[in-house]
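Undergrad: Using our numbering, you'd call the opening residue of the sequence shown number 842 and step up by one each time. C-beta: ideal position from N, C-alpha, C; glycine also.
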Amino acid sequence: MPLIRVPKSWEIPDREITPETFFLNRRRFMTNLIGAGLTASLLPLTGCDNDSNSKLANGQFSTKAFPDLTRNPNFAQVDRPITEEDLATKYNNFYEYGGTKSIWKEAQKLPLENWQVEVTGLVKNPRIYDIDELPKKFPIEERVYRFRCVEAWAMVVPWVGFPMKLLMADVEPTSKAKFVRFTSFYDAKITKGNGFFSQFYPWPYKEGLRIEEMANELAFFAIGIYGKDLPKQNGAPLREVIPWKYGFKGAKSIVKIEFVEEQPATFWNTLSPNEYGFEANVNPEKPHPRWSQATERIVGPGSSFSWETRPTIIYNGYGEYVANLYA
Ligand SMILES: Nc1nc2c(c(=O)[nH]1)N[C@H]1C(S)=C(S)[C@@H](COP(=O)(O)O)O[C@H]1N2
Ligand SMILES: [Mo]
């Protein structure tokens, strides 16, 4: 008898399923898709949650504004409007708090008190930053970036934060450091996650970059959005923003940053390597095994069926900054 009975796709409640969800094989940590039946059941899922239609009360999630915030003129706007704050803060992926897009209430359980970020590994100056230290130490700016989830939905978010390369200059990675690993907050009592399947996920959530990617001008640490502190559901108090890669590359609620020699194991890549590559650059010509990446839907009010569809842009439109990394 298998230890785990794998439910059939029709036995799994809709609320458990999003495109980034997958199904466990009988073998431990081996993953497998149930096939065409699953793909069909995914189609009507995104965008039909009522929470995203309710108006955000002013300051509902975070009230602390950044004084004297200036928008970096190089990243002042993109080819489409900034997503409404009420949508960007209520349509999320954060599997620690559930497998649907409406996890914002559940995410309020994330405890932010006395948050520290440990920077360690192959660096000359290992550090433990108190979260309040970061905006004093690094000049804070605003940047408007396109955001593209591997599930083919897209937004435009005004992030508040600082370039990753400034933190690198502070800790000074050694010449041995070839990769960086980011680890998200995890506490099994709080980050209960995605129902039945969650217990088999490789928690805590981890992501990684090559050192050269981290040093790129675009790679950003966000501590805020829409001119205010990051709401918990968006990855408070510190998250990665890598605008030319799919959204899953941007770990939320970071507690640890490690400089390492080998490519680190990451959350989605461990679960399903051929669906979620380590590199994961936005690329219209490289389909996900279960869907095309040629187009994307722009997150808007109401049902995802009414959202605008646009062609996906190579490197999410940031080729002039990053294409040389992949030559
Ligand atoms: N710790 C953690 N970070 C995460 C995720 C997650 O489930 N856990 N989801 C990723 C995915 S798939 C996406 S698309 C973005 C979503 O960010 P948003 O909710 O702020 O739009 O966060 C990324 N970072
Ligand atoms: Mo995503």
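Keeping to the same chain, check which residues put their C-beta closer than 6 Å to that of G1002; ignore five residues upstream and five downstream.
TA: Counting only Cβ-Cβ distances below 6 Å, and skipping sequence neighbours, we find F1061, F1062, A1063 and I1064.
Undergrad: When every heavy atom of ligand 2 is checked, does at least one fall within less than 6 Å of the C-beta of V1021?
TA: It does not: the Cβ of V1021 is nowhere closer than 6 Å to a heavy atom of ligand 2.
Undergrad: For the structure I just gave you, are there three or more beta carbon pairs, one from the segment 916-926 and one from the segment 982-992, closer than 8 Å?
TA: yes
Undergrad: Would you say the beta carbon of F1119 comes nearer than 6 Å to a heavy atom of ligand 2?
TA: no
Undergrad: Do S1025 and ligand 1 come close, with the Cβ less than 6 Å from some heavy atom?
TA: yes
Undergrad: May I ask you to list the residues that DSSP assigns as paired with E1137?
TA: According to DSSP, which records beta bridges pairwise, E1137 is partnered with R1151.
Undergrad: Less than 7 Å between C-beta atoms, sequence neighbours within five positions excluded: which residues of the same chain meet that for N1157?
TA: R987, R989, P1084, W1085 and V1123
Undergrad: Taking buried to mean at least 16 other C-beta atoms within 10 Å of its own C-beta, is N933 buried or exposed?
TA: buried
Undergrad: Do S1094 and F1038 have their beta-carbon atoms positioned less than 7 Å apart in this structure?
TA: no
Undergrad: Short check: CB of I972 to CB of F907, under 7 Å?
TA: no
Undergrad: So, for Q938: in the same chain, excluding its five sequence neighbours on each side, which residues have a beta-carbon less than 6 Å away from its beta-carbon?
TA: The residue you asked about is not Gln; residue 938 is Tyr in the sequence shown. For Y938, where only same-chain residues beyond five positions count, the Cβ hits under 6 Å are I944, E947 and A948.
Undergrad: Does any heavy atom of ligand 2 sit closer than 6 Å to the C-beta of F988?
TA: For ligand 2, not one heavy atom lies less than 6 Å from the Cβ of F988.
Undergrad: In the DSSP assignment, find the unbroken beta strand (DSSP E) run with E1081 in it and report its ends.
TA: R1080 to V1082
Undergrad: How is the alpha helix (DSSP H) around F1037 delimited, first residue to last?
TA: G1036 to S1039
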